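S.K.: Protein chains in written order, with the working numbering: chain A, 187 to 627; chain B, 4 to 148. Think of the CB as a built atom: it goes at the ideal place given N, C-alpha and C, for glycine as much as any other residue. None of these values were measured; they are calculated from a predicted model.
(1) Of all the residues that make up the stretch 371 to 391 of chain A, which are near chain B by a beta-carbon distance shorter than 9 Å?
(2) Residues in its own chain within less than 8 Å of residue 627 (chain A) by CB, not counting five upstream and five downstream?
(3) Looking at residue 397 (chain A): is its Cβ nearer than 9 Å to the Cβ of residue 386 (chain A)?
(4) From residue 56 (chain B) to residue 593 (chain A), what distance separates their C-alpha atoms?
(5) So is residue 543 (chain A) buried or exposed if we call it buried at 16+ other beta carbons inside 10 Å?
(6) If residue 466 (chain A) sits next to residue 438 (chain A), beta carbons under 8 Å apart, how far is it from one beta carbon to the other, in whole angstroms?
(7) Tell me, please, which residues DSSP counts as bridged to residue 427 (chain A).
(8) Using the Cβ count rule (16 or more neighbours within 10 Å means buried), how would you classify residue 251 (chain A)?
(9) Quick check: is the beta carbon of residue 594 (chain A) nearer than 9 Å to any beta carbon in chain B?
(10) Given this structure, state the Cα-to-Cα distance separating residue 523 (chain A) from residue 574 (chain A), to the nearest angstrom.
(11) Express the C-alpha separation of residue 435 (chain A) and residue 417 (chain A) in angstroms, rounding to a whole number.
(12) Looking only at C-alpha atoms, which of A:283, A:599 and A:538 sits nearest to residue 572 (chain A)?
(13) If contact is defined by three or more beta carbon pairs under 8 Å, each pair taking one atom from either stretch, is the stretch 555 to 563 of chain A in contact with the stretch 494 to 503 of chain A?
(14) For the beta strand (DSSP E) containing residue 521 (chain A), list its first residue and its last residue.
(15) For the beta strand (DSSP E) that contains residue 402 (chain A), what are its first and last residues?
(16) Roughly how far, in whole angstroms, is the beta-carbon of residue 86 (chain B) from the beta-carbon of residue 104 (chain B), given that I think they are within contact range, below 8 Å?
(17) Run down chain A in chain order and give the residues with a C-beta less than 9 Å from the C-beta of residue 54 (chain B).
(18) Got a sec, what are the start and stop residues for the beta strand (DSSP E) residue 267 (chain A) sits in?
(19) Can residue 363 (chain A) and residue 356 (chain A) be called in contact, C-beta distance under 9 Å?
(20) Taking Cβ-Cβ distances shorter than 9 Å, what residues in chain B pair up with residue 164 (chain A)?
(21) Going along chain B, which residues have a C-beta under 9 Å from residue 493 (chain A)?
(22) What are the partner residues of residue 415 (chain A), as DSSP defines its beta bridges?
(23) Have a look at A:383, A:412, A:510 and A:303 and flag the residue whose alpha-carbon is nearest the alpha-carbon of residue 447 (chain A).
(24) If you measure between the beta carbons of residue 316 (chain A) and residue 300 (chain A), is that distance less than 9 Å?
(25) Run the CB neighbour count on residue 464 (chain A), radius 10 Å, all protein chains shown included, and call it buried at 16 or more, exposed below.
(26) Taking all protein chains shown into account, decide if residue 90 (chain B) is buried (16 or more other Cβ within 10 angstroms of its Cβ) or exposed.
(27) Would you mind listing the beta strand (DSSP E) stretches within the stretch 574 to 625 of chain A that are 3+ residues and don't spill past its ends, in chain order?
(28) Among residues of its own chain, excluding the 5 on either side of residue 60 (chain B), which ones have a beta-carbon nearer than 8 Å to its beta-carbon?
(29) In or out: residue 605 (chain A) buried (at least 16 other Cβ within 10 Å) or exposed?
(30) Is there at least one Cβ from chain A nearer than 9 Å to residue 122 (chain B)'s Cβ?
(31) Select from A:378, A:376, A:545 and A:339 the residue whose C-alpha is nearest the C-alpha of residue 404 (chain A).
(32) Under 9 Å Cβ-Cβ, which residues of chain A neighbour residue 64 (chain B)?
(33) Return the CA-CA distance between residue 541 (chain A) and residue 141 (chain B), expressed in angstroms with no decimal places.
(34) Between residue 394 (chain A) and chain B, is the shortest Cβ-Cβ distance under 9 Å, so that the two count as touching?
(35) Let me confirm a value: residue 19 (chain B) is counted as buried when at least 16 other C-beta atoms fall within 10 Å, else exposed. Which label applies?
(36) Return the CA-CA distance between residue 35 (chain B) and residue 578 (chain A), expressed in angstroms with no decimal places.
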């Protein structure tokens, strides 16, 4: 029999099999539903469907508020969320207040017309970013916005070419803003994401993107010429935070994709699923993390020359580029970093970093990874190099059943914030859930 | 009586003939869909995902997409061939990733992969023929000039 005939028979046979399986699946599904209806309520009420370490509890602080990216919390516990798109009320900044202190927001309002990711509350100044600018709103003593229609422009004119356009922000102790300007490219090819297109030499994208820029948080109407490129060679940083103990910036980078799509002779599907690492860096001024010239191989613990720049999957890159402080599995997409300074959680969490992982897509056809919050222990301002999963189950799958198709994930962890009582909050940017995670002995 | 049997036989032959015809047409389509599936798996799956659901904010879904299930074959062929580097607004959502071009795909391969995509998951749109693809390629070429 020829191959095509075999395929044909297989195809017809498969259809019968699929039908049979469908009936079986329907039966099993029904059983699961019966059990599920009884048990889901209990689980959902207890931990909002999340798996957590012993002693931790989670509940839904809010649901369906819109595509919630980063979040920030006032000293009195009012939470502000930045949305990627206007929600059903037409707002892109949402204010959530838990008036009766039951852990659930009941007073919800909003304003703002620009979509974006970054939001950061410093005293009574609420900074929020669009995909090309940073604005400042002022709050009154009740944490209510005074100038919802007339924010002050702090920075504008930052590059937004769709890809990697989130302008995440954080502050140091001296009121300087650090903003990510992601590279509008995968690997700085002459033609982006085109097989065989070589890397640009030098990569001119790095002049205005692919790094962290520093601006003065108290000055108005700044643009590129008023800021400073603080660190470069970072493809796309969505999660960043200032470590007050080490007095240092830490950033989490989204590594490049599609090694196997464009270089099938160098990388197979399995290798692409594990390369390159998602990297977490301790940044000093002037650092270069090496994108697009190198990527980080987490199993070899080496910086490897990108194939667009003559790499063969093994050739080591320049030692001038910094090494990550932690290397995570590939493609999981780190979205926010939060250094824990509260007193509620056990001692080991103090000054350590929580990192949300959005969940991958570029591991396909292999199952996806991520969709969780990781914890990175720190000692004296330095990461120990270890990491662990802190909160899992956001995607809606439990116990090893993995998400294959990213759009089927129920929730995708994005923003992080610490409440005044030491609880942490995790946002989801699919439908806009906010989970509150607390600890009690 | 003999006449009756004769008519019966004609009916039977007719029925058999139409079954064979339907089967061979179905088999032809099935073969195209198998070829289309293979192309999808090597070139499209990583971004558009095995379930055609895409990736929120990045890669648009093919399953249930009004574009994919629509009538504008010319545009579909153009996207497959040239890729797409613009913000895509589709069914109330926006998608930002650049799509890779496939200039090496021949007309029959484009027809197969489009037919597969338009008849997979919940999609039930018409098959795309090689003639339609050729016409679209010609149209896109003349537009370029």
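M.R.: In brief:
(1) 371, 372, 377, 378, 379, 380 and 381
(2) 241
(3) no
(4) 6 Å
(5) buried
(6) 5 Å
(7) A:436
(8) buried
(9) yes
(10) 14 Å
(11) 10 Å
(12) A:538
(13) no
(14) 520 to 525
(15) 397 to 402
(16) 4 Å
(17) 590, 591, 593 and 594
(18) 265 to 269
(19) yes
(20) Residue 164 (chain A) lies beyond the range of chain A shown here (187 to 627); nothing can be said about it.
(21) Per Cβ cutoff of 9 Å: no residues; residue 493 (chain A) is ~15 Å from chain B at best.
(22) A:399
(23) A:383
(24) yes
(25) buried
(26) exposed
(27) 574 to 577, 599 to 604, 610 to 614 and 620 to 625
(28) 96, 97, 98 and 99
(29) buried
(30) no
(31) A:339
(32) 593
(33) 51 Å
(34) no
(35) exposed
(36) 42 Å
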